[in-house]
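A.B. asks: Note that full-length UniProt numbering gives residue 197 to position 197 of the sequence shown, counting from 1, and the numbers run on in steps of one.
Glycine residues also receive a C-beta, built at the ideal position from the N, C-alpha and C atoms.
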Amino acid sequence: MSVLLIFLFGLCVAALLRKVGSREAGLPPGPPTVPVLGNMHIFPTKSPHSKFTEWARKYGGMFSLKIGPGTVVVLTDVAAVKELMDKRSATTSDRPPTHIADRITGGFHMGLARSTSAWKILRKTSGAILTAQATAQHLPIQQAEATQLLYDILGSPQASPFSFYTHISRYSYSVILSVLYGKRARRYNTEVSGFFTVMHEFNAILSPGATPPVDAMPILEFIPERWAQWKRDSRRIRNLQRTLYFGMMEETRARMHRGEGNGCYMEEVVGREKELGMDDEMTSYFGSALLETGSETTSSYLQSFILALVAYPEAQKKAHEEIDRVVGEDRLPTLVDLERMPYIRAMILETHRFRPVTPVGIPHSTLAEEEYQGYIIPKGATIFANLSFQGAFSTIQRSSMIQKNFIPGRYMLTKNGTKPGIDGSDLKATFPFGFGRRKCPGMHLACNSININAMNLLWAFDFEPEIGADGNSIAVDTAAYVAGIATAPLPFKCRITPRSPGKAKTIEREFLAAADTFAKFEVGLGEGDEEYAAISRAYAG
């Protein structure tokens with residue numbers, strides 16, 4: 001009798017396991033599943049947008065994957081993205097469980113946290129202090145830092161072909177550091193490199209496939225740390241983050257106590273902690289999330305912008321002609337000038353389309369079941385919005401004229417870069433910054449940085465391929481990108497030269513003139529920064 005019971009029990013277990021991983025009725029179509037794993041064995045761990053686009057061609061603009069018992073829905077159709085991610089944001093704005101992120105940040109990273117009461121406080125706080133009106137007051141430091149970026153590139157020897165990478169990273173970090181914490185970074189090789197090291201380690205451990213699938217198989221949480229490298233790495237990164245970000249917060253608080261505040265965002269947050277319902281842990285991670293996203297996305301975008309200029313010289317030539325006509329030789333561009341430069345505005349939009357910083361965004365999760373076009377998206381499903389515009393399938397991609405090439409002119413023909421006659425009203429300009437309640441709170445600040453620097457770089461420099469030993473140009477690879485949810489071009493060589501001696505003199509003059517703007521933020525400088533500044537300004541003078 002006992003043998004029979006064991007046999008029947010085994011049959012029941014086998015039957016249940018056979019259902020695990022299978023696609024339930026009502027779900028969107030997708031690749032065939034296998035028992036237990038579902039599609040886990042074929043889920044892309046590198047450059048997921050490429051595989052998602054391939055599957056979208058076969059299964060449609062909304063398809064599903066099974067990751068064990070869990071469900072993933074991938075949206076490549078722009079109408080579905082707008083409807084589900086924007087209009088129904090109340091039920092699609094959660095984040096899927098991310099054990100590794102929670103292990104490191106305690107669930108307080110605003111970009112990754114689930115829809116908890118703590119996240120709602122963080123979101124409300126960001127919305128209150130990062131308005132378009134509030135952002136406008138930070139234009140002077142953005143413009144001054146952009147001037148230093150030009151000056152740094154101008155002074156870089158051609159023997160250092162990758163130096164523009166670190167100059168851009170310094171710029172993006174220094175701007176958001178100034179705005180958030182009221183201090184700037186003069187050089188890359190001070191705290192900037194340390195910050196990017198911590199951030200890259202955090203991003204690496206969060207990349208798909210970097211750690212065991214703890215969220216899909218929670219039993220893995222019980223593995224002792226001595227046998228789990230990912231647990232040791234998580235603890236180490238947590239300690240690095242807390243040392244860095246808690247130190248910034250305490251430095252801000254100490255400066256306020258000395259009466260040396262300068263109006264930065266974190267002074268307001270620290271001063272209103274109790275009113276906002278925040279504690280030191282939340283405040284620290286609030287600042288860190290804004291600092292990370294503000295630094296990484298802007299630097300990645302500008303690196304992609306330069307890559308496109310090198311790879312597509314005809315587009316660069318048209319932009320040069322336009323900016324010379326509007327701005328001239330003797331001054332730097334301003335945001336007001338951009339209104340009279342439709343081709344450069346189109347070029348800025350085309351860079352977002354050509355190489356989005358987050359091709360599949362940060363995944364959302366559903367708080368309740370949703371139905372769309374006859375398909376069911378269950379509660380707790382993970383949703384990816386595939387915004388990669390390479391190789392085209394859906395309305396997002398299909399509506400554009402030629403997908404894989406960099407063609408700013410598409411935005412000169414129609415507002416949203418669609419083929420003439422195709423309705424592109426669902427294509428929102430804010431898509432590169434997220435959706436609904438998860439839209440990037442620093443979007444206005446990021447747009448200003450992108451616009452200022454795109455104009456400055458085009459006004460100041462020629463961007464050309466590096467010349468090889470045989471005297472021929474070395475073509476850049478526009479597909480060579482860092483793998484992961486957030487991407488950036490791998491380091492590439494190019495020649496950056498001032499477009500005229502007059503423009504070089506203007507850059508030096510404007511860098512000197514920015515000294516008064518910088519002075520407000522030159523607090524807590526690292527060793528050697530004063531000497532570096534003195535040498536730089538003496539050279540510029």
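Pick helix, strand or coil for Ala113, following the three-state DSSP scheme.
C.D. replies: What you label residue 113 is simply residue 113 of the sequence shown in a count that begins at 1. In this structure, DSSP gives Ala113 a state outside helix and strand, which the three-state scheme calls coil.
A.B. asks: Give the secondary structure of Lys379 by DSSP, where H, G and I count as helix, E and B as strand, and everything else as coil.
C.D. replies: Taking the first residue of the sequence shown as position 1, residue 379 is located at position 379. The answer is coil: DSSP assigns Lys379 none of H, G, I, E or B.
A.B. asks: Assuming Tyr481 and Pro489 form a contact by the criterion Cβ under 8 Å, report the distance between their Cβ atoms to the nearest whole angstrom.
C.D. replies: Numbered from 1 along the sequence shown, position 481 holds the residue referred to as residue 481. Numbered from 1 along the sequence shown, position 489 holds the residue referred to as residue 489. So it is a contact: roughly 6 Å between Cβ atoms.
A.B. asks: Helix, strand or coil: how does DSSP classify Lys505 here?
C.D. replies: Here residue 505 is taken as the residue at index 505 of the sequence shown, counted from 1. Helix at Lys505.
A.B. asks: Would you kindly report the start and end of the unbroken beta strand (DSSP E) that includes Ile467?
C.D. replies: By one-based count along the sequence shown, residue 467 stands at place 467. Element bounds for Ile467: 461 to 467.
A.B. asks: Quick one: using the 10 Å Cβ neighbour count with 16 as the cut-off for buried, is Glu370 buried or exposed?
C.D. replies: As a position in the sequence shown, residue 370 is number 370, starting the count at 1. Its Cβ being crowded by 16 or more others within 10 Å, Glu370 is buried.
A.B. asks: How long is the line joining the alpha carbons of Thr135 and Leu445, rounded to whole angstroms?
C.D. replies: Here residue 135 refers to the residue found at position 135 when the sequence shown is read from its first residue. Here residue 445 refers to the residue found at position 445 when the sequence shown is read from its first residue. If you take the alpha carbons of Thr135 and Leu445, they lie about 6 Å apart.
A.B. asks: Assuming contact is defined by CB atoms lying nearer than 8 Å, are Ile496 and Phe463 in contact in what I supplied?
C.D. replies: Residue 496 sits at position 496 when you count from the first residue of the sequence shown. Residue 463 sits at position 463 when you count from the first residue of the sequence shown. Contact flag set, yes.
A.B. asks: Using CA coordinates, which residue listed in Val310, Tyr411, His200, Tyr245 is at the minimum distance from Ser169?
C.D. replies: As a working mapping, residue 169 is identified with position 169 in the sequence shown. The residue with the shortest Cα to Cα distance from Ser169 is His200.
A.B. asks: Taking the beta strand (DSSP E) that Val73 belongs to, which residues open and close that run?
C.D. replies: Your numbering for residue 73 matches position 73 in the sequence shown. From DSSP, the beta strand (DSSP E) with Val73 extends over 70 to 75.
A.B. asks: In terms of residues, what are the limits of the alpha helix (DSSP H) holding Leu149?
C.D. replies: Taking the first residue of the sequence shown as 1, we reach residue 149 at position 149. Leu149 -> alpha helix (DSSP H) spans 139 to 154.
A.B. asks: Exposed or buried, which one is Met217 when buried takes at least 16 other CB atoms within 10 Å?
C.D. replies: Sequence index remark: in the sequence shown, residue 217 carries index 217 (1-based). Result: exposed.
A.B. asks: Just to confirm my understanding: we take Ala486, look at its own chain, exclude 5 residues before and 5 after, and list those with CB closer than 8 Å. What are they?
C.D. replies: In the sequence shown, counting from the first residue as 1, residue 486 sits at position 486. Contacts found: Asn203, Glu296, Thr297, Ser300, Val357, Thr358.
A.B. asks: Rounded to a whole number of angstroms, what is the C-alpha to C-alpha distance between Val198 and Ser234?
C.D. replies: Numbered from its first residue, the sequence shown carries residue 198 at position 198. Numbered from its first residue, the sequence shown carries residue 234 at position 234. Looking at the two C-alpha atoms, the distance is approximately 12 Å.
A.B. asks: DSSP state of Ala488, grouped into three classes?
C.D. replies: Your numbering for residue 488 matches position 488 in the sequence shown. Coil.
A.B. asks: Taking a contact to mean a Cβ-Cβ separation below 8 Å, would you say Ser172 touches Gln241 in this structure?
C.D. replies: The residue given as residue 172 occupies position 172 in the sequence shown. The residue given as residue 241 occupies position 241 in the sequence shown. No, the Cβ-Cβ distance between Ser172 and Gln241 is not below 8 Å.
A.B. asks: How about Thr71 and Leu367: do their beta carbons lie closer than 8 Å?
C.D. replies: In the sequence shown, residue 71 corresponds to position 71, counting from 1. In the sequence shown, residue 367 corresponds to position 367, counting from 1. Taking 8 Å as the Cβ cut-off, Thr71 and Leu367 do not qualify as a contacting pair.
A.B. asks: DSSP three-state call for Val523: helix, strand or coil?
C.D. replies: Counted from its first residue, the sequence shown places residue 523 at position 523. If DSSP states are grouped into helix, strand and coil, Val523 belongs with coil.
A.B. asks: For Pro48 and Val360, what's the separation of their Cα atoms in angstroms?
C.D. replies: Position 48 of the sequence shown, counting from 1, holds the residue named residue 48. Position 360 of the sequence shown, counting from 1, holds the residue named residue 360. Approximately 8 Å, taken between the alpha carbons.
A.B. asks: So is Glu350 buried or exposed if we call it buried at 16+ other beta carbons inside 10 Å?
C.D. replies: Within the sequence shown, numbered from 1, the residue matching residue 350 stands at position 350. Looking at its Cβ environment, which holds 16 or more other Cβ atoms inside 10 Å, Glu350 is buried.
A.B. asks: By DSSP's criteria, Arg495 is part of a beta bridge. Which residues make up the other side?
C.D. replies: Here residue 495 corresponds to residue number 495 of the sequence shown, with the count starting at 1. Answer is Glu464, bridged to Arg495.
A.B. asks: Pull up the distance between the alpha-carbon of Phe286 and that of Val269, whole angstroms please.
C.D. replies: One-based indexing of the sequence shown puts residue 286 at position 286. One-based indexing of the sequence shown puts residue 269 at position 269. Rounded to whole angstroms, Phe286 to Val269 spans 9 Å at the Cα level.
A.B. asks: Pick out whichever of Arg187, Phe511, Gly374, Gly417 has its Cα sitting closest to the Cα of Gly26.
C.D. replies: The count along the sequence shown starts at 1 and reaches residue 26 at position 26. The residue with the shortest Cα to Cα distance from Gly26 is Gly374.
A.B. asks: Just to confirm, is the Cβ distance from Phe335 to Ile452 under 8 Å?
C.D. replies: Stepping through the sequence shown from its first residue, residue 335 is reached at position 335. Stepping through the sequence shown from its first residue, residue 452 is reached at position 452. A small fix is needed here, since residue 335 is Leu in this sequence, not Phe. In contact: Leu335 and Ile452 (Cβ atoms closer than 8 Å).
A.B. asks: Identify the residues that DSSP records as bridge partners of Lys66: which are they?
C.D. replies: For the purposes of this step, residue 66 is identified with residue 66 of the sequence shown, where counting begins at 1. Partner(s): Thr71.
A.B. asks: Does the beta-carbon of Phe521 have 16 or more other beta-carbons within 10 angstroms, so that it is buried, or is it exposed?
C.D. replies: As a first step, residue 521 must be located in the sequence shown, where it is residue number 521. Answer is buried; the Cβ neighbour count reaches 16.
A.B. asks: Would a C-beta distance cut-off of 8 Å place Gly127 and Glu329 closer than the cut-off?
C.D. replies: For the purposes of this step, residue 127 is taken as the residue at position 127 of the sequence shown. For the purposes of this step, residue 329 is taken as the residue at position 329 of the sequence shown. Taking 8 Å as the Cβ cut-off, Gly127 and Glu329 do not qualify as a contacting pair.
A.B. asks: Among the residues of its own chain, which have a CB less than 7 Å from the CB of Phe511, if the five just before and after it don't count?
C.D. replies: Residue 511 sits at position 511 when you count from the first residue of the sequence shown. Cβ within range, chain order: Thr147, Gln148, Tyr151, Ala540.
A.B. asks: Let me make sure I understand the geometry here. Which of His167, Ile205, Ala132 has the alpha-carbon closest to that of Ala101?
C.D. replies: The count along the sequence shown starts at 1 and reaches residue 101 at position 101. The shortest C-alpha separation from Ala101 is found at Ile205.
A.B. asks: Consult DSSP for Ser50 and reduce its assignment to one of helix, strand or coil.
C.D. replies: Working through the sequence shown from its first residue, we reach residue 50 at position 50. It is helical.
A.B. asks: Is DSSP giving Ser365 helix, strand or coil here?
C.D. replies: Against the sequence shown, residue 365 aligns to sequence position 365. Strand at Ser365.
A.B. asks: Which word fits Asn456, buried or exposed, when buried means at least 16 other C-beta atoms lie within 10 angstroms of its C-beta?
C.D. replies: Translated into the one-based positions of the sequence shown, residue 456 becomes position 456. Counting Cβ neighbours within 10 Å, Asn456 comes out buried, since at least 16 surround it.
A.B. asks: Leaving out the 5 sequence neighbours to the left and right, which residues in its chain are closer than 6 Å to Cys440 when beta-carbon positions are compared?
C.D. replies: By 1-based counting over the sequence shown, the position of residue 440 is 440. Phe433, Gly434, listed in sequence order.
A.B. asks: When DSSP builds the beta bridges, which residues end up paired with Glu371?
C.D. replies: For the purposes of this step, residue 371 is identified with residue 371 of the sequence shown, where counting begins at 1. Ile376.
A.B. asks: Could you please give me the residues that DSSP links to Phe384 through a beta bridge?
C.D. replies: Numbered from its first residue, the sequence shown carries residue 384 at position 384. The partner list for Phe384 (beta bridge, DSSP) reads Val74.
A.B. asks: Measuring CB atoms only, is the stretch 105 to 121 touching the stretch 275 to 285, in the sense that at least three cross pairs come out at less than 8 Å?
C.D. replies: yes
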